Amino acid sequence: MLRTLLFDLDGTLLPMDQDRFMHGYFHALLPEIAHLVNPGEIAGQILTATQQMVENEDPDVANIDAFKKFFFGTVDVKEEQIWPIFDTFYQGKFGELSGFTQPSPISREICRSALSKGYELVLATNPIFPDNAVRHRMNWAGIGEIPFKLVTTMEHMHFCKPSPKYYLEILDRIERTPDECMMIGNDVQEDGVAGKLGMETFLVRDFVIDRGLGHTDFTHEGSLEDVLAFVEGLPDLSSKAATRA
2 MLRTLLFDLD GTLLPMDQDR FMHGYFHALL PEIAHLVNPG EIAGQILTAT QQMVENEDPD
62 VANIDAFKKF FFGTVDVKEE QIWPIFDTFY QGKFGELSGF TQPSPISREI CRSALSKGYE
122 LVLATNPIFP DNAVRHRMNW AGIGEIPFKL VTTMEHMHFC KPSPKYYLEI LDRIERTPDE
182 CMMIGNDVQE DGVAGKLGME TFLVRDFVID RGLGHTDFTH EGSLEDVLAF VEGLPDLSSK
242 AATRA
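Mind the numbering: the sequence shown is residues 2 to 246 in this note's numbering, read in order.
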């Protein structure tokens, strides 16, 4: 029985063109660290370390520690020199990047409707950003005050999408089985892999990402508006609980 809805953030609850956003992200970040690194190489070094973090599957290493291991293994700068700059950037200037996104009031409606029906919510955003960056993006999407049971960030997660272990870690943390959950997202590979574990899946096609790496069947497909209609049509778990009581 469906009890928990897992939502992707970028391109799903926070509509955006991923490439446009990343261009704006590096345009804002590079001036902050240019005095410590080679400006012509640092973007590639960050992306490479991020990819290595995504591929790391050591359950004893949090994503943030995996990123630091790979990043500081390739750049000629010490952690104590640059990491506080990253922290300050994510606390402040990162918050000014909302112009590279296209927030929709529908996202908040979806979450509020699901909560009113008694469903648990998980913000299953790929945990490649720190908590401060995720919180900014939640606020842009209008869901900053939504009581998610879990928000996945790089500080406390040990796996990334598209690894099935990312979803297994979520299930372990929220104490749910796959058949009790649905993953809702715009990435065919990263979000669709949840279906291979037995979750229902909903592909949001507004800003769909498909790398063409094999075919993935989704339980449902449609726009963000279709997600709202779907959620509004779900059984009311809260009323069932009240009836049983």
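Heads up, the beta-carbon is just placed ideally off N, CA and C, and yes, glycines get one too.
All values reported here derive from a predicted model rather than from experimental measurement.
Exercise. Give the single residue among Asp61, Pro131 and Asn127 whose Cα lies nearest to the Cα of Thr89.
Key: Cα-wise, what sits closest to Thr89 is Pro131.
Self-check item: Every unbroken beta strand (DSSP E) inside the region 144–177 [3 residues or more]
Solution: No beta strand (DSSP E) of 3 residues or more sits fully in the region 144–177.
Exercise. Check whether the Cβ atoms of Pro16 and Thr102 sit closer than 8 angstroms, and answer yes or no.
Key: Here Pro16 is near Thr102, since their CB atoms are less than 8 angstroms apart.
Exercise. Using three-state DSSP, classify Thr202 as helix, strand or coil.
Key: Thr202 carries a strand assignment under DSSP once its states are collapsed to helix, strand and coil.
Quiz item: Any idea which residues DSSP pairs His137 with across the strands?
Solution: Partner residues in a beta bridge of His137, as assigned by DSSP, do not exist.
Practice problem: For Glu226, I'd like the list of residues in its chain whose CB is within less than 7 angstroms of its CB, leaving aside the five on either flank, ordered along the chain. | Solution: Around Glu226: Ile107.
Quiz item: How should Phe27 be labelled, buried or exposed, when 16 other C-beta atoms within 10 angstroms of its C-beta is the threshold for buried?
Solution: It counts as exposed.
Quiz prompt | Rounded straight-line distance, which links the Cα of Trp84 to that of Gly74 | solution = Gly74 and Trp84 have their C-alpha atoms some 14 angstroms from each other.
Exercise. Determine the direct distance from the alpha carbon of Thr178 to that of Leu172, and round the result to whole angstroms.
Key: Our two residues, Leu172 and Thr178, have alpha carbons roughly 6 angstroms apart in a direct line.
Quiz prompt | Candidates His221, Asp237, Leu235 and Ile210, of which the one nearest Asp20 by Cα | solution = Comparing C-alpha distances from Asp20 to each of His221, Asp237, Leu235 and Ile210 shows the shortest one belongs to Ile210.
Practice problem: Tell whether a beta-carbon distance below 8 angstroms holds between Val123 and Pro163. | Solution: No. Outside cutoff.
Self-check item: Span separating the alpha-carbon of Gly249 from that of Ala44
Solution: Nothing about residue 249 can be reported from this structure: the residues present for the chain run from 2 to 246 only.
Quiz item: Taking Ala142 as the reference, which of Gly199, Ser105, Met183 and His157 has the closest Cα?
Solution: Measuring C-alpha to C-alpha distances from Ala142 to each of Gly199, Ser105, Met183 and His157 identifies Ser105 as the nearest.
Exercise. Mind checking who Glu121 pairs with in its DSSP beta bridge?
Key: The beta-bridge partner set that DSSP reports for Glu121 consists of Thr5.
Quiz item: Taking Arg206 as the reference, which of Val189, Leu198 and Gly215 has the closest Cα?
Solution: Distances from the CA of Arg206 to each of Val189, Leu198 and Gly215 were compared; the closest alpha carbon is that of Val189.
Exercise. Report the rounded CA-to-CA distance for Lys94 versus Ala29, giving the unit in angstroms.
Key: Whole-angstrom Cα-Cα distance: 7 angstroms.
Quiz item: Taking the beta strand (DSSP E) that His221 falls in, what are its first and last residues?
Solution: DSSP places His221 inside the beta strand (DSSP E), whose first and last residues are His221 to Gly223.
Practice problem: Go through the region 24–98 residue by residue and report every complete run of the alpha helix (DSSP H) that reaches 4 residues or more, in order. | Solution: Entirely contained in the region 24–98, the alpha helix (DSSP H) runs reaching 4 residues are, in chain order, 43–56, 64–72 and 80–92.
Self-check item: Three-state class that DSSP yields for Asp11 in the structure shown
Solution: Annotated three-state conformation of Asp11 is strand, per DSSP.
Quiz item: Quick one, which of Gly196, Asp77 and His159 has its alpha-carbon nearest His36's?
Solution: The shortest C-alpha to C-alpha distance from His36 to any of Gly196, Asp77 and His159 is the one to Asp77.
Practice problem: Identify every residue that forms a DSSP beta bridge with Gly186. | Solution: Per DSSP, Leu204.
Quiz item: Cα separation between Val228 and Gln82?
Solution: Taking the CA atoms as reference points, Val228 sits about 45 angstroms from Gln82.
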